[in-house]
Ligand code: AMP
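In this note's numbering, the protein residues as written are 20 to 215.
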């Protein structure tokens, strides 16, 4: 079996957080979600939280240096030695370069990239519904559209880099949770990234 050093990528509303947790749990590897790290820090009112709160609320990206430093620290912890699943990082080409430099320094590389493919309209309706259900009044239509356009402009190009390396599996992200998890598992199995 190849060590699962994975990245899950998809627009907001694609279900990547939920699917990432399911896949990581089944493989026994930690999920490293930069969005979760930032949100927890905002909630606790830490210095980092204060630094990033306005950026996150506006739907913009936190500077690469800060984000990459957080991920490096987290990847250096023992539980990531046998594999990990990154959710939401790297998110632009600069972060791809940062991650490559860090991993290659350890003689490692990403071994699989899961792209969750969800049409723009579907993402928008899921995010609008979630904002209404959770009373997230900051998640306005404008902010949602802004986040999606950043995804298309900044994040989608990282997939070309990983596609050139032959490590991307594009998964149809429309269906039930179980159906989608099964599609991902099948793709990972075909790459020898999951046990029997
Ligand atoms: P997410 O939950 O992954 O959508 O992340 C929530 C927010 O955290 C994003 O809208 C960004 O403001 C910030 N964020 C998360 N990951 C990154 C990253 N890799 N680079 C820059 N900003 C990030």
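Positions of the beta carbon are idealized from the N, C-alpha and C atoms, including for glycine.
Can you tell me where the beta strand (DSSP E) holding residue i begins and where it ends?
i	result
residue 191	187-191
Check this for me: beta carbons of residue i and residue j, under 7 Å apart or not?
i	j	result
residue 109	residue 177	yes
residue 158	residue 20	no
residue 135	residue 29	yes
residue 186	residue 42	no
residue 137	residue 89	no
residue 114	residue 83	yes
residue 38	residue 166	no
residue 206	residue 183	no
residue 146	residue 163	yes
residue 24	residue 102	yes
residue 48	residue 35	no
residue 87	residue 66	no
residue 60	residue 68	yes
residue 132	residue 181	yes
At which residues does the alpha helix (DSSP H) containing residue i begin and terminate?
i	result
residue 40	35-46
residue 81	Looking at the DSSP string, residue 81 is not in any alpha helix (DSSP H), and its letter there is neither H nor E.
residue 54	53-63
Assuming the contact rule is C-beta atoms closer than 8 Å, residue i and residue j should be a hit. Round their C-beta distance to whole Å, please.
i	j	result
residue 106	residue 50	6 Å
residue 33	residue 142	6 Å
Tell me, which residues are paired with residue i by DSSP?
i	result
residue 135	190
residue 25	104, 131
residue 50	104
(request) Would you list, in sequence order, the uninterrupted beta strand (DSSP E) runs of no fewer than 3 residues that lie entirely inside the region 88-133? (result) 103-106
(request) Enumerate, from N- to C-terminal direction, the unbroken alpha helix (DSSP H) stretches of 4 or more residues contained entirely within the region 143-215. (result) 160-169, 175-183, 196-209
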